[in-house]
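Student:
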DNA sequence: CCCTGTGTCGTCATT
DNA sequence: CGACACAGGG
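In this note's numbering, the protein residues as written are 1 to 791.
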C-alpha cells in the first residue's frame, strides 16, 4: 500500500551532470518519431499518438532524457496522469532509465498532485491543513441533507442528479452565483438553490470534494499571483498524459503552470476520448496548436501492439466518426488471426462460450490466464461471466466495481480516523456516531444537529457539550457522552501513540471488533481481514516517509482506485471497457455487443454520444495484441427481466473482411448487408481448428508484456492475503454455491449425474452424486471432483 | 430505539 | 435482480 503513495522531499536538488551513457540508453529503444518527441525539449509539444504506439513510454523517456542531459533536475519536473497506476509506472521507468535521480520530481495524478499542493498552501484559502476529502458518496450525502434543509422535494429532483450537476458546474468553473443567474428548468433551479448551501457545508466541515482539489488551486493561483509564480518558477517542465481526458479545470491548471517556462508537453489520442461524461473536453487537444502556436506536434502512428487484422477492424470502427485528428495507424505485424464474432442465446451462453475459449486456449496453447481480458460495457454484466469462470475454476479478478477503500468496513474505520484528524468532518461523524449501534438513533442525532445549527457550532462541538442539550433524554445524553469519551480519548492520543496501535485500539473500543465477531460468518471474517489489512497499510504508509502522516494517508486513500493495486497474479481480468484504457492483453473479448447496451440506448440519440461509444469500442478493440473476440447475446436479463436484443449497429459498420463468425461464415452477406439474421452462429468458439491458433501465435508476445506490468489486485487476494494462503487460490469465496441437491452436474470421468445430497463445508465438502449406467451413486469431494453444473 | 419485512425504485462509464 | 427506503412490531 505504501509503495503506491510516493512522497518525495521538496528540497531542490543541485544541478545534475549530464550522463551520456544514459542518454544513449534512453534513445536507443525508440523509433524516429518517438525520438523526435523525446528530444524536443523546448517549448510546447503535443504528441498525438494512436493506441499501442508507446506514447506513455515516449513521455517517460522524455522525462528521463531531460534528467540525463541535465536540462532539468527532478525538482523542476512535474508529470500529471489520470491513474495512480500510470504515475507509478512512469516513475519506475524513469528510475530504471536514469537511476536514482528522481528525488523531488512530482509524478502523480492530477487529483493527488494538487491535493498535495493544497496541503502546503491551504492557509491562503481559509481551510486547515487536515482537511477531509469527500468522495462522491459523501458529496451526495451532503447534497441530500441540504435539500432536506431547504425543503426541496427529493422525489421530483434526485440528490444524485443535483450532485452531478454541481460537479459538472465546478468542472466548468461556474460558481454558485453565476450558476444561479443562468439556471433554468427544474433540475437547474433546484441545483442553484443547493449549490451555495453545499459549498458552505463543505467549508464548515473543512472538507474538499474531488472537484475542489482542482478548482481550489485555480482560485488560489488567481487570488495569490505570488504563489502561482512560485510554482511556475519551480516546474520548468510540465507533462500531461492522456491529454484528451482533461476537463476545463485541468486545462486551465495546465495553462497556468506552463505559462512560466512554456515547456508543456502533452500526450494524447483524440480517438480514445471516452470521458466526456465526467467533463473531459476533447477540444482541449483539438485546439492545442491554436492555444500554443509555436507548438511542436509529433505524430506516433506506428502501432507495436496489435496484428494487422485487429488494427484494420479498429480503423474501420473509428472511420465512422466525423470529428477526429488525422492519423493513420500502421503495423508490421502482418495479418494475424481474424476477429471472431460469436452470437449467443443468452448472457449465460455468452459467458460459457468465453470461458470455454479461455480454457481451450490456455490448455492447448499454454497461454497464461493473465493473457486474457474480458471487457463489457456495464459493471452489471460481470456477474454471468464470473459465474461461468468460477464454475470451471478459472481464476479471475475484477477491476472496478467497489474497490477496497469503498468497502463499508473500510469506510467505517476511515471515518473514525477522519473524525479524529478533522473533528469538523460532519459526514464522518454521522457515519460513525451510531455505528456500531450504541443507542444514538435518528431522533437523537437530529436533536444534536439542531442544537449545533442553532448555536452556530459544528456537530462535534454540540456532541462535546451534550449535557447542555435539553431536548435530549438522560439516556440519550449518556449514550452520546460515551461516544464522546471514546473519540476524545483517541484525539488526545493521536500525537503520542503509533497510528497502527491507535487504530487497532480504537476499532476495539468503538465496538467494531465485537460487531464483526458477533456472528461467525464468512463475510464477517473477510471484513475483519480487510480491516486488518487497512491497519497494516496505515502502518506501512506512515513509516514510509517523514511527512507521511495519518492525515495525508486519509487524503491519499480517498483518491485511490481499484486500478492502483500492486499484485500480479495469474488471472483472467474482467473489467469495463473504460477501465481497460492504457492496458494491453494478448487475447481480448468484447462482450455484450447489442443494440441498447453497446451502444447504450441513451447514447443513440446524439451523434456526439454515439461517437463516444464508438471510441469506446475502438479503445476496447485496440487492447488486443493477438486475438480479438466479439460476442453478443440474443437475450439478456436486465432489471431482472429478460430482454430480447438485436446485435449492435457497430457490427454492421465494421470491416467484415477481417471478421469471421463462429459458424465459419462471413459477418455480412454481400447482398443483404444489413440483414441481422446470421445463420448457424450459435456454435461455440471451440468449433474452429484448435491448432490454427498455436501456429499463428507470436512468440514475442511474452516479452512485450514486461513493459506493462499489470498490477491490479485480485478480488479475493485481499481477503486471503492475511491468512497466508498462496496467491494461486483466488476467487472462490462464495463457496461451491451451485452444487445443491437436485442439480445436474458433469464429471470428467463419470459423465452426467444428479446431485443427491451435499455435506460438509469448504474443503471438506462432499456430495453424493448419482450417475447413470452401472456407476450408480458416488461420494465425491468437491474440492477435487471439479463438478460442472449443467442444469 | 432497533430489527425485519415489504415495497419501490432504478442503473453507463469515474478521479 | 438487488440496493434502499419506509413502516410496523418487538
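Don't be surprised by glycine CBs; every beta carbon is placed ideally from N, CA and C.
May I ask you to report which of helix, strand or coil DSSP gives residue 19?
Tutor: Three-state DSSP puts residue 19 in coil, outside helix and strand.
Student: Which class does residue 629 belong to by DSSP, given the choice of helix, strand or coil?
Tutor: In the structure shown, residue 629 sits in a strand (DSSP, three-state: E or B).
Student: With a 10 Å radius around its C-beta and 16 neighbouring C-beta atoms as the bar for buried, classify residue 639 as buried or exposed.
Tutor: Sixteen is the threshold: since fewer than 16 other Cβ atoms of the shown chains lie within 10 Å of the Cβ of residue 639, the residue is exposed.
Student: Nearest to residue 410 by CA position, among 331, 532 and 364, is which residue?
Tutor: 532
Student: Would you check if the segment 96 to 110 and the segment 539 to 550 touch, i.e. whether three or more CB-CB distances between them fall below 8 Å?
Tutor: The way I'd put it, the segment 539 to 550 doesn't touch the segment 96 to 110; fewer than three beta-carbon pairs between them come closer than 8 Å.
Student: Does DSSP classify residue 790 as helix, strand or coil?
Tutor: coil
Student: Count the CB pairs spanning the segment 294 to 313 and the segment 23 to 37 that are closer than 8 Å, and state whether there are at least three.
Tutor: yes
Student: As an exercise, report each continuous beta strand (DSSP E) stretch of at least 3 residues that is fully enclosed by the segment 609 to 654, in chain order.
Tutor: Within the segment 609 to 654, the complete beta strand (DSSP E) segments of 3 residues or longer fall at 624 to 638 and 641 to 644, listed in chain order.
Student: With residue 399 and residue 612 assumed to form a contact (beta carbons below 8 Å), what rounded beta-carbon distance in angstroms separates them?
Tutor: Their Cβ separation, rounded to whole angstroms, is 21 Å, which puts residue 399 and residue 612 out of contact at 8 Å.
Student: Around the C-beta of residue 570, are 16 or more other C-beta atoms found within 10 angstroms, so that it is buried, or is it exposed?
Tutor: So residue 570 ends up on the exposed side.
Student: For residue 309, count neighbouring C-beta atoms within 10 Å of its own C-beta (all shown protein chains included) and say buried if the count is 16 or more, exposed if not.
Tutor: buried
Student: Would you please state the rounded distance, in angstroms, between the beta carbons of residue 162 and residue 182? I believe it to be under 8 Å.
Tutor: The Cβ separation is near 16 Å, so there is no contact.
Student: Given a cut-off of 8 Å on the beta-carbon distance, is the pair residue 306 and residue 654 in contact?
Tutor: no
Student: Please confirm whether residue 414 and residue 574 have their CB atoms less than 8 Å apart.
Tutor: no
Student: Beta-carbon within less than 6 Å of residue 558's beta-carbon, same chain only, minus the 5 sequence neighbours each way: which residues are those?
Tutor: Counting only Cβ-Cβ distances below 6 Å, and skipping sequence neighbours, we find 133 and 135.
Student: My guess is that residue 38 and residue 65 are in contact by the Cβ rule of under 8 Å, so how many angstroms apart are they, rounded?
Tutor: 5 Å
Student: In angstroms with no decimal places, state the Cα-to-Cα distance between residue 383 and residue 636.
Tutor: Cα to Cα, the separation comes out at about 12 Å.
Student: Go to residue 239, then tell me how far its beta strand (DSSP E) extends in each direction, as first and last residue.
Tutor: 237 to 240
Student: Starting from residue 483, trace the alpha helix (DSSP H) in both directions and tell me its first and last residue.
Tutor: Annotation: the continuous alpha helix (DSSP H) that includes residue 483 extends over 474 to 493.
Student: Could you please give the first and the last residue of the uninterrupted beta strand (DSSP E) stretch that includes residue 106?
Tutor: First-last of the beta strand (DSSP E) with residue 106: 106 to 109.
Student: Exposed or buried, what is residue 58 when buried is set at 16 or more other beta-carbons lying within 10 Å of its beta-carbon?
Tutor: By the neighbour-count criterion, in which 16 or more other beta carbons inside 10 Å mark a residue as buried, residue 58 falls on the buried side.
Student: How is residue 342 classed by DSSP in three states: helix, strand or coil?
Tutor: strand
Student: I'd like to know whether the C-beta atoms of residue 625 and residue 584 end up nearer to each other than 8 Å.
Tutor: yes
Student: In chain order, what residues of the same chain lie with their CB nearer than 8 Å to the CB of residue 412, ignoring the 5 residues before and after it?
Tutor: 431, 432, 435 and 512
Student: Where does residue 656 fall in DSSP's three states?
Tutor: helix
Student: Could you spell out where the beta strand (DSSP E) holding residue 80 opens and where it closes?
Tutor: Unbroken beta strand (DSSP E) run through residue 80: 77 to 81.
Student: Look up residue 46 in the DSSP assignment and say whether it is helix, strand or coil.
Tutor: strand
Student: Among residues of its own chain, excluding the 5 on either side of residue 515, which ones have a beta-carbon nearer than 7 Å to its beta-carbon?
Tutor: Hits under 7 Å: 436.
Student: Measuring CB atoms only, is the segment 250 to 257 touching the segment 217 to 229, in the sense that at least three cross pairs come out at less than 8 Å?
Tutor: yes
Student: On a CA-only basis, which of 173, 353, 20 and 165 is nearest residue 249? Give me that one, please.
Tutor: 173
Student: Exposed or buried, what is residue 395 when buried is set at 16 or more other beta-carbons lying within 10 Å of its beta-carbon?
Tutor: That one is buried.
Student: Mapping the DSSP letters down to three states, classify residue 180 as helix, strand or coil.
Tutor: helix
Student: In the DSSP output, which residue or residues are listed as bridge partners for residue 208?
Tutor: 133
Student: On a CA-only basis, which of 60, 328 and 586 is nearest residue 27? Give me that one, please.
Tutor: 60
Student: Drop a sphere of 10 angstroms on the beta-carbon of residue 764, count the other beta-carbons inside from all chains shown, and report buried for 16 or more, exposed for fewer.
Tutor: With a pLDDT of 42 at residue 764, under the threshold of 50, the modelled position of this residue cannot be trusted, and the question is left open.
Student: Using beta-carbon positions only, say whether residue 284 and residue 246 come within less than 8 Å of one another.
Tutor: yes
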